[in-house]
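Residue numbers (our numbering): 24 to 353. Every residue gets a Cβ at the ideal spot worked out from N, C-alpha and C, and that includes glycine. Values in this document were obtained by computation on a predicted structure and should not be read as measured data. Encoded as structure tokens, the structure appears first; notes follow it.
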Ligand code: UT7
């Protein structure tokens, strides 16, 4: 890589299913209300992948869009990272299916990255490192989720929160001082229990008992996630900005993981930035986990909010628990 250049996002893309499920629709399924969901989360509707549809199709659409914007073809890629909470198959994951669908070049390395909802931010940072090490040039980072497939539709405390979708970024060396200026990844393994799906792994392999105990669905301790998310989004963002030699006054846009409007508002208050600088679209998509940041980025770029040269912060929190922030010059 030319020492004058930094790895950055050369193209982004996103895809969501067509099926819209509103809060009113959920009132028919669980004991909840539009009023509760909107006031506690800000979510009004989400997209759900219909039964039988393969989520990989969303990832392929998002990746093609990102490649087009970067002016590249799938054959130009030299690494693929798919961040996801639950892959297409436990073995071999999601990435091989995405690579097959994209018809990437021969001998392309790929892997799945599991870091909860922080997966996209982790993926960008890994891609940055691969490029800085001089071994790779065009890295595709995808966030892909079909959370509806392992959401417990009998559990009102979780099923109202999530949505399906995919987002993608092509990371490559960028000109003119653009690219990733700094990043801060973090985690707290002692809090692993806050978000979990216990069944189907090594500890509790699938069995009639795990099915009966509904262990193949996501469980969440929402209050614990909320508190640590607000604290750690601020901490990782401050650290990344400091490393970039910037302050909050330099930030044009924050594009956070879209989980809960109240979390974003509490972060904004703590960090000291107006809500107008925070890109929010969770009202229409819910929490799409690893896909939420790229979906929001695509919208904010398409409507002209984010422009080349802007300082953009991406920050997230998720299962693990993991946290991370990336500062970019767009
Ligand atoms: O990407 C990371 C993924 N996770 C998150 O981001 C989650 C972070 N946490 C949150 O967003 C919030 O904690 C929630 C939205 C999950 C919950 O909001 P809360 O203000 O922390 O509510 P709560 O869990 O304290 O529940 C308050 C009440 C409870 O009833 P009681 O015990 O006070 O009678 C719940 O049973 O609300 C009840 N409740 C509901 N009521 C209607 C929980 N879910 C629902 C629901 N509809 N869907």
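- Query: Would you call residue 324 buried or exposed, if buried means 16 or more other Cβ atoms sit within 10 Å of its Cβ?
  - Reply: Reading the chain shown from its first residue, position 301 is the one you call residue 324. Around the C-beta of residue 324, 16 or more other C-beta atoms lie within 10 Å, and the residue is accordingly described as buried.
- Message: Mapping the DSSP letters down to three states, classify residue 93 as helix, strand or coil.
- Response: Here residue 93 corresponds to residue number 70 of the chain shown, with the count starting at 1. Here residue 93 carries a helix assignment [DSSP, helix/strand/coil].
- Message: Please tell me whether residue 174 and residue 240 are closer than 9 Å, where the distance is taken between their beta carbons.
- Response: Mapped onto the chain shown, residue 174 falls at position 151. Mapped onto the chain shown, residue 240 falls at position 217. A contact, by the Cβ cut-off of 9 Å.
- Query: What's the call for residue 177, buried or exposed, on a 16-neighbour Cβ count within 10 Å?
  - Reply: Residue 177 sits at position 154 when you count from the first residue of the chain shown. By the neighbour-count criterion, in which 16 or more other beta carbons inside 10 Å mark a residue as buried, residue 177 falls on the exposed side.
- Task: Locate the beta strand (DSSP E) running through residue 20, then write down its first and last residues.
- Result: Lying outside 24 to 353, the shown extent of the chain, residue 20 is not represented and no answer is given.
- Item | Supposed contact pair residue 144 and residue 349 - C-beta distance, whole angstroms, cut 8 Å | Indexing the chain shown from 1 puts residue 349 at position 326. Indexing the chain shown from 1 puts residue 144 at position 121. Separation of the CB atoms of residue 349 and residue 144 is rounded to 6 Å, and the pair is thereby assigned contact status at 8 Å.
- Message: So the candidates are 271, 58, 193 and 99; which of them puts its Cα closest to the Cα of residue 335?
- Response: Within the chain shown, numbered from 1, the residue matching residue 335 stands at position 312. Ranking the options by Cα distance to residue 335, first place goes to 271.
- Who are the near neighbours of residue 135 in its chain, counting only those whose CB is closer than 7 Å to its CB and skipping five residues on each side? Counted from its first residue, the chain shown places residue 135 at position 112. Cβ neighbours of residue 135 beyond the five flanking positions: 105, 107, 110, 116, 117 and 118.
- Would you mind reading off the limits of the beta strand (DSSP E) that contains residue 276? Walking along the chain shown from the start, residue 276 turns up at place 253. Residue 276 -> beta strand (DSSP E) spans 276–279.
- Which parts of the stretch 216–253 are runs of the alpha helix (DSSP H), unbroken and 4 residues or longer, counting only runs that do not cross its ends? Correct list: 231–235.
- Task: Please say whether residue 168 and residue 187 have beta carbons closer to each other than 9 Å?
- Result: Working through the chain shown from its first residue, we reach residue 187 at position 164. Working through the chain shown from its first residue, we reach residue 168 at position 145. Against a cut-off of 9 Å, the Cβ pair of residue 168 and residue 187 comes out as a contact.
- Item | Beta-carbon proximity check, residue 278 vs residue 329, cutoff 9 Å | For the purposes of this step, residue 278 is taken as residue 255 along the chain shown, with counting starting at 1. For the purposes of this step, residue 329 is taken as residue 306 along the chain shown, with counting starting at 1. A Cβ-Cβ contact shorter than 9 Å links residue 278 with residue 329.
- Query: So is residue 222 buried or exposed if we call it buried at 16+ other beta carbons inside 10 Å?
  - Reply: Translated into positions along the chain shown, residue 222 becomes position 199. Per the 10 Å Cβ criterion, buried.
- Cβ neighbour criterion (16 or more within 10 Å) applied to residue 257: The count along the chain shown starts at 1 and reaches residue 257 at position 234. Around the C-beta of residue 257, 16 or more other C-beta atoms lie within 10 Å, and the residue is accordingly described as buried.
- Hey, residue 251 and residue 199 are a contact pair by Cβ (cut 8 Å); roughly how many whole angstroms apart? Taking the first residue of the chain shown as position 1, residue 251 is located at position 228. Taking the first residue of the chain shown as position 1, residue 199 is located at position 176. Incorrect: roughly 37 Å between the Cβ atoms, too far for contact.
- Can residue 245 be considered in contact with ligand 1, in the sense that its beta carbon sits closer than 8 Å to one or more heavy atoms? Your numbering for residue 245 matches position 222 in the chain shown. When distances are taken from the beta-carbon of residue 245 to the heavy atoms of ligand 1, the shortest one is below 8 Å.
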